[in-house]
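These protein sequence lines are chains A and B, in that order.
With the numbering used here, the residue at position 102 of the first sequence is 84, and numbering never jumps.
With the numbering used here, the residue at position 106 of the second sequence is 88, and numbering never jumps.
Below is one structure; the comments refer to it alone.
Number of protein chains: 2
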Amino acid sequence: MKQNKTLFELQAEVCKTLSSPKRLEILNALKDGEKTVSELVDILGVPKANVSQHLAVMRHKGILRSRRNGVNIYYTLASSKVIQACLLMREVLTDQMKERSRLIDMAVKG
Amino acid sequence: MKQNKTLFELQAEVCKTLSSPKRLEILNALKDGEKTVSELVDILGVPKANVSQHLAVMRHKGILRSRRNGVNIYYTLASSKVIQACLLMREVLTDQMKERSRLIDMAVKG
DNA sequence: TTTGTATATTAGAAATATTATATATGGATG
DNA sequence: CATCCATATATAATATTTCTAATATACAAA
């Protein structure tokens, strides 16, 4: 395993963790409080094993926390920064769309 | 090709574009103004074909713009939001590290 | 205790996606 | 046309995602 990662590598890992539509949907579902795995399965509509894997990825990265209560395991955000980052990501998205229409305009008008 | 993408899919694409250390290094290099491909090659220290590939990815996504001046092609950020997003990403990073040491403490103390 | 059931995680294989490298092509300029 | 700058493409190496099946864990009932 590579030991000393650069800042860019660490930062890229953060982005990579947020690069899955399903993980983003999970984060969105958790923004107002904890949920059980089964609740998240219902929201995403994908197999439990798959949800569980995505949850494990984010838990290992320190983005989510989990606690057991009886048979259920509750997941919650470890920090609210991730939600802020997602919001900013959407602003980048809108800027991207503006840039695309700018390029199209340029192509049309010559 | 899939036509109607969900918000989460679009957002994931933005993140994916920012999920490469090299692309992050390029964005960082461009934060204070435009640079030629050759300048970026010198900064990253990787083959020009590779830099060019990463530039193309970000240009197609609407994150970068390019203009030709003689033999050189200058690249620049299409929007400053990306830089803000990178900064926030680093805050997520520090929160991740805090969360990790919290988990380690918990494991040690019982 | 043991048996059953619901919740959740894990492991391994198969399908996909991404990245780097080598090579060929395109465009500007002397 | 020769040369430099940049991009495009093909391919091989890696990484990620998803699926199926197996395994844990808690708890209640027989």
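Positions of the beta carbon are idealized from the N, C-alpha and C atoms, including for glycine.
Here the structure is a predicted model, which is why all the values come from computation and not from measurement.
Q.
Considering only their Cβ atoms, is the gap separating Gly44 of chain B from Ala67 of chain B smaller than 8 Å?
A. no
Q. Given a limit of 8 Å on CB to CB distance, which residues of the region 46 to 77 of chain A reach chain B?
A. Arg47, Ala60, Ser61, Lys63, Val64, Gln66, Ala67, Cys68, Leu70, Met71, Arg72, Glu73, Val74, Leu75, Asp77
(Q) Quick check on Thr(-12) of chain A - is its C-beta less than 8 Å from some C-beta in chain B? (A) Yes, contact with chain B.
Q | Outcome for Met(-17) of chain A when other beta-carbon atoms lying within 10 angstroms are tallied against a minimum of 16 | A | Interpretation of Met(-17) of chain A is limited by its pLDDT of 45, a score under 50 that renders its predicted location unreliable; no figure is taken from the coordinates.
Q. Quick one: does Gln(-7) of chain A have its CB under 8 Å from some CB of chain B?
A. yes
Q | Ranges of the alpha helix (DSSP H) found wholly within the region 27 to 59 of chain B, counting only runs of at least 4 | A | 30 to 42
Q.
Give me the chain B residues within the contact set of Lys(-2) of chain A, using Cβ-Cβ distance strictly less than 7 Å, ordered along the chain.
A. Ser1
Q) Could one say the Cβ of Lys43 of chain B lies closer than 8 Å to chain A's Cβ atoms, at least one of them? A) yes
Q | Listed by chain order, chain A residues near Glu7 of chain B by CB distance under 7 Å | A | What Glu7 of chain B touches in chain A: Phe(-10).
Q: Can you give me the Cβ contacts of Lys80 of chain B inside the same chain, cut-off strictly under 8 Å, excluding the 5 residues immediately before and after it?
A: none
Q: Please name the residue in A:Val(-4), A:Arg5, A:Pro3 whose C-alpha comes closest to that of Ser1 of chain B.
A: Nearest option by C-alpha distance: A:Val(-4).
Q. Among the residues of its own chain, which have a CB less than 7 Å from the CB of Leu75 of chain B, if the five just before and after it don't count?
A. none
Q) Between the beta-carbon of Leu22 of chain A and the beta-carbon of Thr58 of chain A, is there less than 8 Å? A) no
Q) How about Phe(-10) of chain B and Pro29 of chain A: do their beta carbons lie closer than 8 Å? A) Going by C-beta atoms, Phe(-10) of chain B is not nearer than 8 Å to Pro29 of chain A.
(Q) Measuring only the C-alpha atoms, how far is Met40 of chain B from Arg82 of chain A? (A) 12 Å
Q. Using a Cβ-Cβ cut-off of 8 Å (strictly less than) and excluding sequence neighbours within five positions of Ser48 of chain A, which residues of its own chain qualify?
A. Leu37, Arg41, Ile55, Tyr56, Tyr57, Thr58
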